[in-house]
Every structure is written in C-alpha cells, then in structure tokens.
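Peer 1: Here it is, the structure in full.
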Amino acid sequence: MESKKIAKQILIATAVLTSFLGSNLVYADVVQSNSNNRASTETARVTGNNLEKLITKDKEIDKEMTYLSDMDWSSATHGDIDKTKTVQKDAPFTTGNKGEHTKISLLTSDDKVKYFDKGIGTVADSPSVISYDISGQGFEKFETYIGIDQSANSSRSDHAVVDRIEIEIDGKVVYSSSVTNPEGFRYNTQAQFISVTIPQNAKKISL
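So the sequence shown is residues -28 to -1, 1 to 179, counted in mature numbering (1 follows the signal peptide of the UniProt record, and there is no 0).
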C-alpha cells in the first residue's frame, strides 16, 4: 500500500495491529492471544480534509490518506519474550526482526494470499498495544485490513491464534473482533477490513 499524506497527517496501517504474533499480527489496538501467535495489519489509512482521488482494486477513495507505518508511534509494545525485538513497519514481525525483506501477506476473502507494501507487524503472545498521537491532525477515518500474516506458515489449531483485536480512540473501544470474529483469528482466518470514524478533536488512537 503506497503512502499518501493527508492534509493534516495521520496514519493508516495495514492491519494491526498488524496486528498480529508468535509469528505476526498486524494492526490492531489491544491484542490478546495465546502463545506462539501472530498477526498482521494491512493497508490502514486515515483520511483528512484535502481531497485527492485514490483508486485501488477494492474501492475508490476521494480523500488523502497517510499510512500508519509512515508515522511515528507514541508507544509500541509486543508480546514476544525477546524484548530486543521491535514492532515492525511494512514487514511481518518475525521476518522483519531477522532483517529479511518480506512483504506482509494476508489471506483474502477468496482464500488467496495478498501481499501488502505497507503495514504494521507485531506479536500478541501477550497484549500488544501500538498508540499514535493524532491530536490536531483533523483525521476523519481509519481503515485497515487485519489478520494473521501468512508467514506464520502453520494451520495447527494451537499455532498463530489471536484471541482479540481492538481499536481504541481516546480510551474508548471503537472496534473489537470479539463481535465480528468471536472465535478469534487463526492462520486460516480470512483478513477482515475495518473502517472506523475518527471523532473531531480526537487525540489518540491505539491498536
């Protein structure tokens, strides 16, 4: 996902929390999962007031956008036991920390693997929280794909499981996968697209 700047920039990340673990989780707010889990966030973006037409395969967006991975987070924690590792920008957590140039990959709704240039990769073996200061930025919307990065490379029931992915704005949960995916995310769970409205004067968004 190629980045564009927003009039008052903010972020977008590809999946939250890229969210996403023991392998990689992408794009998400407070993520909780079992051991050896991973997830990934893909193509996340926040839209602002200046209009610029952007056409993607999935939709046409008449707003400017900025990717989360092009922004500096205010704080970022992950659940890997090795705390020398870091949450990754534009790469899965595990391969990124190995210095490998691997794109984020998610399972799409047609059970095909799609690769993303932009996104955030983290491990959620214990809650992973990635927060951004968006005060004064004028952002209106945050969108992203969330799921388990396919580099997890295992469909075992005890591997790469993320119990819950959440997005918070100013401490309020505005999205929880416990509603849309009550059984959690696994290696073979299709990535989910999320679109969240950002209230005027919002100060903080967390995955």
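We put the CB at the ideal spot given by N, CA and C, even for glycine.
1. Are the beta-carbon atoms of residue 170 and residue 111 separated by less than 7 Å?
2. For residue 64, does the count of other Cβ atoms within 10 angstroms reach 16, so buried, or fall short, so exposed?
3. Check whether the segment 136 to 146 and the segment 81 to 94 touch, using three or more Cβ-Cβ pairs below 8 Å as the test.
4. Starting from residue 116, trace the alpha helix (DSSP H) in both directions and tell me its first and last residue.
5. If we count Cβ pairs, one from each stretch, closer than 8 Å, do we get three or more for the segment 74 to 83 versus the segment 149 to 162?
6. Around the C-beta of residue 50, are 16 or more other C-beta atoms found within 10 angstroms, so that it is buried, or is it exposed?
7. Check whether the Cβ atoms of residue 180 and residue 102 sit closer than 7 Å, and answer yes or no.
8. Relative to the C-alpha of residue 41, which candidate in 121, 104, 156 has its C-alpha closest?
9. List the whole-angstrom C-beta distance separating residue 147 from residue 134, where the pair is believed to meet the contact cut-off of C-beta under 8 Å.
10. Ignore the nearest five residues each way along the sequence and tell me which others in residue 150's own chain have a CB closer than 6 Å to its CB.
Peer 2: With the given structure in hand:
1. For the purposes of this step, residue 170 is taken as the residue at position 198 of the sequence shown. For the purposes of this step, residue 111 is taken as the residue at position 139 of the sequence shown. A contact, by the Cβ cut-off of 7 Å.
2. As a position in the sequence shown, residue 64 is number 92, starting the count at 1. Buried: at least 16 other Cβ atoms inside 10 Å.
3. no
4. Here residue 116 corresponds to residue number 144 of the sequence shown, with the count starting at 1. No alpha helix (DSSP H) contains residue 116, which is instead part of the beta strand (DSSP E) from 113 to 119.
5. yes
6. As a working mapping, residue 50 is identified with position 78 in the sequence shown. Buried, because 16 or more other Cβ atoms sit within 10 Å of the Cβ of residue 50.
7. The question about residue 180 has no answer, for the chain in this structure spans -28 to 179.
8. Your numbering for residue 41 matches position 69 in the sequence shown. Comparing Cα-Cα distances from residue 41 to each of 121, 104, 156, the minimum goes to 104.
9. Locating residue 147 in the sequence shown gives position 175, where the first residue counts as 1. Locating residue 134 in the sequence shown gives position 162, where the first residue counts as 1. Rounded, the Cβ-Cβ distance is 14 Å, inconsistent with contact.
10. Taking the sequence shown and counting its residues from 1, the one referred to as residue 150 is at position 178. Counting only Cβ-Cβ distances below 6 Å, and skipping sequence neighbours, we find 136.
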